[in-house]
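Chemist:
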Amino acid sequence: DAKTTQPPSMDCAEGRAANLPCNHSTISGNEYVYWYRQIHSQGPQYIIHGLKNNETNEMASLIITEDRKSSTLILPHATLRDTAVYYCIVTFNAGGTSYGKLTFGQGTILTVHP
Amino acid sequence: KAGVTQTPRYLIKTRGQQVTLSCSPISGHRSVSWYQQTPGQGLQFLFEYFSETQRNKGNFPGRFSGRQFSNSRSEMNVSTLELGDSALYLCASSAWDSNEQFFGPGTRLTVL
Numbered sequence: 406d407a408k409t410t411q412p413p414s415m416d417c418a419e420g421r422a423a424n425l426p427c428n429h430s431t432i433s434g435n436e437y438v439y440w441y442r443q444i445h446s447q448g449p450q451y452i453i454h455g456l457k458n459n460e461t462n463e464m465a466s467l468i469i470t471e472d473r474k475s476s477t478l479i480l481p482h483a484t485l486r487d488t489a490v491y492y493c494i495v496t497f498n499a500g501g502t503s504y505g506k507l508t509f510g511q512g513t514i515l516t517v518h519p
Numbered sequence: 092k093a094g095v096t097q098t099p100r101y102l103i104k105t106r107g108q109q110v111t112l113s114c115s116p117i118s119g120h121r122s123v124s125w126y127q128q129t130p131g132q133g134l135q136f137l138f139e140y141f142s143e144t145q146r147n148k149g150n151f152p153g154r155f156s157g158r159q160f161s162n163s164r165s166e167m168n169v170s171t172l173e174l175g176d177s178a179l180y181l182c183a184s185s186a187w188d189s190n191e192q193f194f195g196p197g198t199r200l201t202v203l
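Chain order of the listed sequences is P and X.
Letter by letter, the first sequence follows residues 406 to 519 of this note's numbering.
Letter by letter, the second sequence follows residues 92 to 203 of this note's numbering.
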């Protein structure tokens, strides 16, 4: 799986958009970008994933650059409950050494302030 | 749908003992993955089971083992416990060949 680089921490004001960057310059053509988050003392929670097109769901938007070497997770209106560690993971969707395996880095600690 | 459940939630053992943790996946999910989370090493993949077969394995010693039953429920076992095995053990389930994984709340294991 390709390596990812994320800032160790970020702050955001409540109600504002939180933009979390991720670099994955060695991503291969059929690797996906996945985002998970982990709120303190809970199991990680899936947020969104994408291959090359921008994606949006009820939780967030994922913007992937055209060269696919970086991406940004956008939480449009951050709340205090969005305070968590956010993990950007690059992996094949299935098959071979990717079966069921997510490789978590250190992630970004997002703190949302009132 | 009920989420992923793990039992027990908390466990205290002493060095040298063995422990079995249980995971019930979301109904219909056939893939179950296990992870260990420690402050020092973060979240690390242990193994994955699908239809009672281990398809993938992380870099953990043979003391860590698992199995999956025909109803997709899974167990992991750690034998000859060491102090360093103290961790949060998480299981996650997913539908057919997807890395959209749904995690349980974890089992907090403390080895004394």
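We put the CB at the ideal spot given by N, CA and C, even for glycine.
From the DSSP output, read off the bridge partner residues of Gln97/X.
Modeler: For the purposes of this step, residue 97/X is taken as the residue at position 6 of the second sequence. Note: Gln97/X sits in a beta bridge opposite Cys114/X.
Chemist: Within the same chain, show all residues whose beta-carbon is closer than 7 Å to that of His120/X, passing over the 5 residues directly before and after it, in chain order.
Modeler: Indexing the second sequence from 1 puts residue 120/X at position 29. Excluding sequence neighbours, His120/X sits near Ser163, Ser184, Ser185 and Ala186.
Chemist: Go through its chain and collect everything with a Cβ distance to Asp487/P's Cβ below 6 Å, but skip five positions before and after it.
Modeler: To locate residue 487/P, count along the first sequence from 1; it is residue 82. Same-chain partners within the cutoff: Leu480 and Val517.
Chemist: May I ask you to report which of helix, strand or coil DSSP gives Ser476/P?
Modeler: Taking the first sequence and counting its residues from 1, the one referred to as residue 476/P is at position 71. Note: Ser476/P maps to strand in three-state DSSP.
Chemist: What's the call for Gly448/P, buried or exposed, on a 16-neighbour Cβ count within 10 Å?
Modeler: Along the first sequence, one-based indexing puts residue 448/P at 43. By the neighbour-count rule (16 or more Cβ atoms within 10 Å), Gly448/P is buried.
Chemist: Pull up the CB-CB distance for Tyr123/X and Gln159/X, whole angstroms please, since I reckon it's below 8 Å.
Modeler: Counting from one through the second sequence, the residue named residue 123/X turns up at place 32. Counting from one through the second sequence, the residue named residue 159/X turns up at place 68. Note on residue identity: the sequence assigns Val, not Tyr, to residue 123/X. Sure, about 6 Å apart at Cβ, within 8 Å.
Chemist: Give a yes or no on whether 8 Å exceeds the smallest Cβ distance from Gly133/X to chain P.
Modeler: Along the second sequence, read from residue 1 onward, the residue named residue 133/X stands at position 42. Yes, its Cβ sits closer than 8 Å to a Cβ of chain P.
Chemist: Distance, Cα to Cα, Pro116/X vs Asn190/X?
Modeler: Here residue 116/X refers to the residue found at position 25 of the second sequence. Here residue 190/X refers to the residue found at position 99 of the second sequence. Roughly 14 Å separates the two Cα atoms.
Chemist: CB of Thr201/X to nearest heavy atom of the ligand MG: below 7 Å?
Modeler: This structure simply doesn't include the ligand MG, nor any ligand for that matter.
Chemist: Determine the direct distance from the alpha carbon of Lys506/P to that of Asn428/P, and round the result to whole angstroms.
Modeler: Along the first sequence, read from residue 1 onward, the residue named residue 428/P stands at position 23. Along the first sequence, read from residue 1 onward, the residue named residue 506/P stands at position 101. Going from the Cα of Asn428/P to the Cα of Lys506/P covers about 20 Å.
Chemist: What's the C-alpha gap between Thr496/P and Ser433/P?
Modeler: Position 91 of the first sequence, counted from the start, is the residue given in the question as residue 496/P. Position 28 of the first sequence, counted from the start, is the residue given in the question as residue 433/P. Cα-Cα distance, rounded: 9 Å.
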